[in-house]
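Participant: Sequence lines, in order, name chains A and B.
Each residue of the first sequence is one higher than the last, beginning at 3 in our numbering.
Each residue of the second sequence is one higher than the last, beginning at 7 in our numbering.
Using N, Cα and C, we set each Cβ at its ideal position, and we do this for glycine too.
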Amino acid sequence: EAQVTQNPRYLITVTGKKLTVTCSQNMNHEYMSWYRQDPGLGLRQIYYSMNVEVTDKGDVPEGYKVSRKEKRNFPLILESPSPNQTSLYFCASSLSKGQLYEQYFGPGTRLTVT
Amino acid sequence: SQKIEQNSEALNIQEGKTATLTCNYTNYSPAYLQWYRQDPGRGPVFLLLIRENEKEKRKERLKVTFDTTLKQSLFHITASQPADSATYLCALENSGYSTLTFGKGTMLLVSP
Numbered sequence: 003e004a005q006v007t008q009n010p011r012y013l014i015t016v017t018g019k020k021l022t023v024t025c026s027q028n029m030n031h032e033y034m035s036w037y038r039q040d041p042g043l044g045l046r047q048i049y050y051s052m053n054v055e056v057t058d059k060g061d062v063p064e065g066y067k068v069s070r071k072e073k074r075n076f077p078l079i080l081e082s083p084s085p086n087q088t089s090l091y092f093c094a095s096s097l098s099k100g101q102l103y104e105q106y107f108g109p110g111t112r113l114t115v116t
Numbered sequence: 007s008q009k010i011e012q013n014s015e016a017l018n019i020q021e022g023k024t025a026t027l028t029c030n031y032t033n034y035s036p037a038y039l040q041w042y043r044q045d046p047g048r049g050p051v052f053l054l055l056i057r058e059n060e061k062e063k064r065k066e067r068l069k070v071t072f073d074t075t076l077k078q079s080l081f082h083i084t085a086s087q088p089a090d091s092a093t094y095l096c097a098l099e100n101s102g103y104s105t106l107t108f109g110k111g112t113m114l115l116v117s118p
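1. So which residues on chain B does A/P109 lean against when the C-beta distance must stay under 8 Å?
2. What number of angstroms, rounded off, separates the C-alpha of B/T71 from the C-alpha of B/A25?
3. Should B/Y94 be flagged as near chain A, meaning a C-beta pair shorter than 9 Å?
4. What residue range does the beta strand (DSSP E) around B/N18 cover?
5. Around the C-beta of A/P83, are 16 or more other C-beta atoms found within 10 angstroms, so that it is buried, or is it exposed?
6. Spatial neighbours of A/N9 within its chain, please: C-beta separation below 6 Å, excluding the five flanking residues on both sides.
7. Is B/F72 close to chain A? Criterion is C-beta to C-beta, closer than 9 Å.
8. For B/D45, tell me which candidate among B/A92, B/V116, B/A16, B/D73 has the shortest Cα-Cα distance.
9. Which partner residues does A/G65 have in the DSSP bridge list?
10. Based on Cα-Cα distance, which residue from A/N53, A/Q5, A/Q39 lies nearest to A/K73?
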């Protein structure tokens with residue numbers, strides 16, 4: 003089954019404790035991205051990757067890191083999480099960049115930073 | 007500045023009626039526009055893509071129009087059902103970038 007998986011689905015952590023949210027897709031997609039979704043602000047893109055070893059900032063990259071060492075995986079790293087990073091996070095992938103291709107979203111990771 | 011605007015107020019309609027949702031944008035020149043459905047706590051799911059040279063696109067009970075002069079897309083669900091209740095998002099590519107920007111979405115509530 004074609005899918006995007008994220009782990010963990012729920013995470014409660016404390017300020018400053020480094021964490022990684024994993025994302026994996028099994029569709030051989032080139033393009034992957036991370037979004038956060040907050041009430042009243044909608045979905046905002048954090049980082050994206052157009053292919054292996056090619057990543058770039060989205061609209062809200064501060065406080066986040068990503069890597070793309072393999073085509074299927076695109077982890078999101080919070081080196082020193084803060085309460086303002088409490089949010090619902092989605093990983094997405096598409097065949098390639100751009101509007102022509104639909105984005106497949108993962109199930110989401112609900113992160114709480116206390 | 008670039009903006010994508012969708013009605014922030016929920017749209018309440020009765021089962022069987024046609025729901026019409028609006029997506030307006032400013033300072034974009036998108037070649038394509040996408041619509042997604044999102045259920046609470048879940049990831050958005052792709053519904054339809056319409057190109058700038060397509061005035062209308064249909065898929066089963068869904069219809070999307072795209073007016074680049076008005077800078078507007080309309081999303082219609084005909085013969086709506088309670089199962090259509092969800093938030094609907096439109097999305098455009100940010101010109102010159104590789105980022106897809108989403109509107110904040112409109113919640114649709116279909117009552118029996």
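Facilitator: So, from the listed chains and residues:
1. R48, G49
2. 13 Å
3. no
4. 17 to 20
5. buried
6. T24
7. no
8. B/A92
9. BP columns for A/G65 are empty, so no partner.
10. A/N53
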